[in-house]
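Asks: Going down the list, the sequences are from chains D and C.
Under our numbering, residue 875 is the last one in the first sequence; the count climbs by one each step, no gaps.
Under our numbering, residue 150 is the last one in the second sequence; the count climbs by one each step, no gaps.
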Amino acid sequence: MQAEDNKTKDQLVDEIRHLQSQVKSLEFAMDKYIITDDNVQLSDLISVEELQKIQDAFSKATGVASIITHPDGRPITKPSNFCYLCQEIIRKTNKGLKNCYLSDAVIGRFNADGPIVQPCLSGGLYDAGASIRIGDRHIANWLIGQVRDEKLNDENFIEYARKIGADEENFRNALKDVTIMPLEQFENVANALFLIANQLSQVTYQNLLLKRASEAQKKSDERYRGLFDHMSSGVAILRPIEGEKDFLFIDFNPAAQKIEQVKKDEVVGYRLSEVFPGARDFGIIDIFCEVATTGKPQHYPTRFYIDENHSGWRENFVFRLSSGDVISVYDDVTERQQALENLHASEERFRRIAENAKDIIYRMSLPDGKYEYMSPAASDIFGYSPEELYEKPTLFHQLLHPDWHGYFKDQWNNLLRGIMPPTYEYQIIDRYGRERWLNQRNVLIKNDKGDPIAIEGIVTDVTERKAMIHQLQLSESRFRMLIEQSPLAIEVYNESGVLIQTNNAWRKFWNLQQDTGITGLYNIFEDTLIQMAPIVEMARNALEGKKLDIAEIAVSPARFGRSGERRYVHITVYPLVSALDQVNHIVLMYDDITAEVQYRKERETLIHELENKNAELERFTYTVSHDLKSPLITIRGFIGMIKKDFASGKTDTIEGDFDRISNAADRMYSLLEDVLHLSRIGRTVSISEKVSLESLAREVVSLFDTKIRDRNITVTIGDGLPTVNGDRVRLYEVMQNLFENAIKFLKHVESPKIDIGAENKDGRTICYIKDNGVGIDPRYHERIFGLFDQLDQSVDGTGVGLALVKRIVETHGGRIWVESEGLGKGSTFCFFIPENQVVDKP
Amino acid sequence: MDNQPIMVLLVEDNPDHAELVKRSLAAYPENNRMLHVTDGEQALDYLFRRGVFADTDEYPEPDIILLDLRLPKVEGQEVLRQIRHSKQHKNLPVVILTTSGAEDDINKAYENQVNSYLVKPVDFDKFTRLMKDLSYYWLGWNTFPGKELIGQAGI
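Below, the structure written as structure tokens:
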């Protein structure tokens, strides 16, 4: 700092010296301007006639010849009282004239002490000279002389005549006419000449100064006129009217005409109160009067002038001229005034904003660190009022949170070097001990030299925002953890459909170690898997803000390039909506419900099976009760009949009735047996073994050997009967029942035939037992497999057989049906049992 | 009393039961004639005059049908349904005479607008009583469509 001060002082001293030298050289130049003006001649200062008159008068008074010449000897005036010798003889010769000029120049040379008196360098007569000067510049010579005394030798003159080539005779005669004067007297005359010449120099100098002054005046007048005409301020020149408080316009410059929108001739010559009726109220007349009286210039500050024709803000400077006229230089400051008003309004607005802002707005001067301004928000944020901080700026440092002291120290040092971060955040502990986060934006104000002189800034309390951000970060991390730990597989997409986030459950679901190579690359909208189509559609809908849910949908492992079985999921697709109500993310959440789906399907199958079994059981119970009731009715009915017949002694029907009773009882027994048998099937088919249906067929055929032979039935067993997994005993029953049925159907048929065989149809080996017997009307093809359903009451059996067969085939996972074109067309019973089918559990 | 006998078509597959019904009804003094078929198909063929049943002298038009439900070929309910859906027999009185007391059977029969639903009792006395009442009611007191009641009804 001290070094800087020294430097400044040195510089000042330098400047002063420089200025002084400039002033000196300027003064010198001014002197020179006057004195060294080569163009100035004596004739410019005093007219030649005037000079001639003085010179003539002097010659006449003194009797000597006289002439005034330029410093080089060339004459300015006409010679006065010149002698014939000099005038007509010497100066008529070239040499003589030249010598005369030379002599005049030498004799007229500048000599401050007195006149130069000496013989002429031409003819040799006595001459004297004095110089005429302006200051110390020699501008003319005044020469007198052409006299001789008795001492001068004539012969010397004659010789000169010869020298210059003049006629000797004439020269001699002319010499006689030369004025004779004693040298002493001539010297007196020369002294008088010296005094007069000096006086003339003084006059000449005065004339010169006058001339300069008048030229300067003229130039100055021109300049003032130019100013007057061209200056932007209005200028009015007014002359006081004697005895009245009013003025007359003398002049009114173009700017004033423009300001007032009047022509000069509408103003000049008129009274001020006429032209500007509002002048009195405006107050300017009083000012003019005062200036006219005192001569003391006045500044009449900005006021509003108004009359019928003119209005506006005017600022006047009033002077008195030496003539006593008053001059007013004034400006139309209406615009400036409006700008000023706007500025005031703007300042007022700014002040209100600053005063009411929640933020602290301040200005601190540098390097002293004092607050020039601080808005009242300081009280809210710091706990100290602006006044307290103006008083003691260091209060701020007390508030600063200890963690930030180092930072601020560094910043302060940077600041003094002109380096400052435009914004920073820090903590304080306010007056009441509360921690606060502040955000500060600063502008460094520098002077012309680039030195920082102040900081202007805004300080905002961002404690809440910080807390919110912290909360947000917490919430974000919680949210991330929730996603990561969710038992649901989660896929988060951006609005373009790119997968951006997945979770642990997702990796588990897809059996992936990590999601690299998928997130950031996989785009759901570009997924072409057919299975994905409904999900992609859901995602598209989610973009429009819809939340969708599919309770069960299959997903293929191929989606992420894996192999394996397809899985079932319960999927929910929903949009994440930004604060602006725009969907910015799509979330897919799904739950692996494959096991559930499988369980459910299994359960459905089981329920279906159970329902079938139940229905069958119901039908079974019903038919059993019905069919068991029938023989009971018969039995009891005919017992009743027999009783009655006994009572009435009617005996012819008794035996037949007993047969009926007996048959009914038998029938009841077989029914019960069959029912028992049937009920066992579901429970007892369990032994899974390889069973050759062909060998079964041969066994069955051999069983009915007698019947076949008795009825002359042709039986063929074809190739291709398969070997199946199954229960041998039950499958034997199937064969037996079907074969027995076939025999029954052949009762009244000529050349009866039974074919047992197998054929391949639709990839299945279908076994058949075909007869050429009565056949079955297609209407009854289903019913014949029902329990106790008999097509022909006359045929033996309880009606359980086909129901039994059907049940056995179905418990083996197969199916049985009958094909017959109708009565008399024969029947073909077909069934298949899946060859490698593991037999179902009971 | 009209001398014309009442034609009863008995549809019953069980020959023993048919015999019991025939004998029971014969024991009562109502004027009737028993016609018997053994399955549903025959019953329909009879009513709609198909095959041998085209002969109306041999197989006269029945006034009432006693219909069993559990029948070979065409079930009793189907027979009833076809009767009710036919033009010529929709008003024919049909009495179900069955061993089944199942709710489904009963409801279905009434849905097909059966005129009466009777379950065969196992007990002989009750069976006899039913046959007697049936005889008195359906063959005695009952009036049939298409016939004019002349004089005093009943016995």
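C-beta: ideal position from N, C-alpha, C; glycine also.
Give a yes or no on whether the minimum CB-CB distance between residue 670 of chain D and chain C is below 8 Å.
Replies: So, interface residue.
Asks: Within 8 Å, do at least three Cβ pairs link the stretch 179 to 195 of chain D to the stretch 146 to 158 of chain D?
Replies: Yes, the stretch 146 to 158 of chain D is in contact with the stretch 179 to 195 of chain D.
Asks: Identify the contact partners of residue 117 of chain C in chain D, using a Cβ-Cβ distance below 8 Å as the criterion.
Replies: Near residue 117 of chain C (Cβ distances below 8 Å), the residues of chain D are 662, 665, 666, 669.
Asks: Can you pull the DSSP bridge partners for residue 475 of chain D?
Replies: Note: residue 475 of chain D sits in a beta bridge opposite D/490.
Asks: If we ignore side chains and look at the alpha-carbon of each, how far apart do residue 496 of chain D and residue 407 of chain D end up?
Replies: Between residue 496 of chain D and residue 407 of chain D, the C-alpha separation is close to 20 Å.
Asks: Go ahead and pull the three-state DSSP assignment for residue 82 of chain C.
Replies: Three-state result, residue 82 of chain C: coil.
Asks: Please state the DSSP three-state secondary structure of residue 30 of chain C.
Replies: It is a strand residue.
Asks: Quick one, which of D/552, D/515, D/771 has its alpha-carbon nearest residue 527 of chain D's?
Replies: If we check each option's Cα against that of residue 527 of chain D, D/552 comes out closest.
Asks: Taking the alpha-carbon positions, what's the residue 803 of chain D to residue 734 of chain D distance?
Replies: Spanning the two alpha carbons is a distance of roughly 13 Å.
Asks: Please name the residue or residues paired with residue 349 of chain D in a DSSP beta bridge.
Replies: Paired residue(s): D/333, D/363.
Asks: What residues of chain D sit near residue 130 of chain C, judged by a beta carbon separation below 9 Å?
Replies: Ordered by position in chain D, no residue passes the 9 Å Cβ test against residue 130 of chain C, which lies about 16 Å from the chain.
Asks: With a CB to CB cut of under 7 Å and the five nearest residues on each side skipped, what residues in its chain are close to residue 607 of chain D?
Replies: 575, 580, 620, listed in sequence order.
Asks: Where does residue 263 of chain D sit, in a helix, a strand or coil, going by DSSP?
Replies: In the structure shown, residue 263 of chain D sits in a helix (DSSP, three-state: H, G or I).
Asks: Tell me, please, whether the CB atom of residue 68 of chain C is closer than 8 Å to any CB atom in chain D?
Replies: Interface residue, yes.
Asks: Measuring straight from C-alpha to C-alpha, what distance separates residue 586 of chain D and residue 93 of chain C?
Replies: The straight-line gap from Cα to Cα measures roughly 53 Å.
Asks: My guess is that residue 447 of chain D and residue 453 of chain D are in contact by the Cβ rule of under 8 Å, so how many angstroms apart are they, rounded?
Replies: Their Cβ separation, rounded to whole angstroms, is 6 Å, which keeps residue 447 of chain D and residue 453 of chain D in contact under 8 Å.
Asks: Does the beta carbon of residue 139 of chain C sit closer than 8 Å to a beta carbon anywhere in chain A?
Replies: Judged by its chain identifiers, the structure shown contains no chain A, and its protein chains are D and C.
Asks: So what does DSSP say about residue 65 of chain D, is it helix, strand or coil?
Replies: With a pLDDT of 47 at residue 65 of chain D, under the threshold of 50, the predicted position of this residue should be treated as unreliable, and no value is reported.
Asks: Would you kindly work out how many angstroms separate the C-alpha atoms of residue 663 of chain D and residue 819 of chain D, rounded to a whole number?
Replies: The straight-line gap from Cα to Cα measures roughly 18 Å.
Asks: Keeping to the same chain, check which residues put their C-beta closer than 7 Å to that of residue 421 of chain D; ignore five residues upstream and five downstream.
Replies: If we look at residue 421 of chain D and ignore the five residues flanking it on each side, its Cβ neighbours are 428.
Asks: Run through the DSSP bridge pairs and tell me what residue 587 of chain D is partnered with.
Replies: Partner(s): D/601.
Asks: Cutting at 7 Å between CB atoms, please list the residues of its own chain near residue 339 of chain D, excluding the five before and the five after it.
Replies: Hits under 7 Å: 311.
Asks: Is any non-hydrogen atom of the ligand COA found closer than 7 Å to the C-beta of residue 779 of chain D, if you look at the structure I gave you?
Replies: The model depicted lacks the ligand COA and carries no ligand whatsoever.
Asks: Thinking just about the alpha-carbon of each residue, which of D/125, D/175, D/130 is nearest to the one in residue 88 of chain D?
Replies: Considering only alpha carbons, the answer is D/175.
Asks: Considering residue 139 of chain C, what are the terminal residues of the alpha helix (DSSP H) in which it resides?
Replies: No alpha helix (DSSP H) contains residue 139 of chain C, which DSSP labels as neither H nor E.
Asks: Between residue 864 of chain D and the rest of its own chain, which residues show a CB-CB distance below 6 Å, the 5 nearest in sequence each way excluded?
Replies: Taken in chain order, the residues that qualify are 800, 842, 847, 849.
Asks: Pick helix, strand or coil for residue 198 of chain D, following the three-state DSSP scheme.
Replies: In the structure shown, residue 198 of chain D sits in coil (DSSP, three-state: anything other than H, G, I, E or B).
Asks: Runs of 4 residues minimum, wholly inside the stretch 418 to 474 of chain D: which ones carry the alpha helix (DSSP H) assignment?
Replies: DSSP runs (the alpha helix (DSSP H)) wholly in the stretch 418 to 474 of chain D: 419 to 424, 428 to 432, 438 to 449.
Asks: Among residues of its own chain, excluding the 5 on either side of residue 362 of chain D, which ones have a beta-carbon nearer than 6 Å to its beta-carbon?
Replies: Here the set comprises 266, 268, 350.
Asks: Closer than 8 Å, CB to CB, is residue 12 of chain C near chain D or not?
Replies: So yes, residue 12 of chain C belongs to the interface.
Asks: List the residues of chain C whose Cβ lies closer than 8 Å to the Cβ of residue 572 of chain D, in chain order.
Replies: Within 8 Å Cβ-Cβ: nothing; residue 572 of chain D doesn't reach chain C, min ~52 Å.
Asks: Could you tell me whether the Cβ of residue 697 of chain D comes closer than 8 Å to any Cβ of chain C?
Replies: Judged by the 8 Å Cβ criterion, residue 697 of chain D is in contact with chain C.
Asks: Is it a yes or a no for the stretch 96 to 111 of chain D touching the stretch 126 to 141 of chain D, going by three-plus beta-carbon pairs under 8 Å?
Replies: Yes, since at least three Cβ pairs between the stretch 96 to 111 of chain D and the stretch 126 to 141 of chain D fall closer than 8 Å, the two stretches touch.
Asks: Just verifying my parser: in three-state terms, what is the DSSP assignment at residue 77 of chain D?
Replies: Helix.
Asks: Residues in the same chain with beta-carbon distance under 7 Å from residue 810 of chain D, minus the five sequence neighbours each way, listed in chain order, please.
Replies: If we look at residue 810 of chain D and ignore the five residues flanking it on each side, its Cβ neighbours are 855, 856.
Asks: Give the secondary structure of residue 101 of chain D by DSSP, where H, G and I count as helix, E and B as strand, and everything else as coil.
Replies: Note: residue 101 of chain D maps to strand in three-state DSSP.
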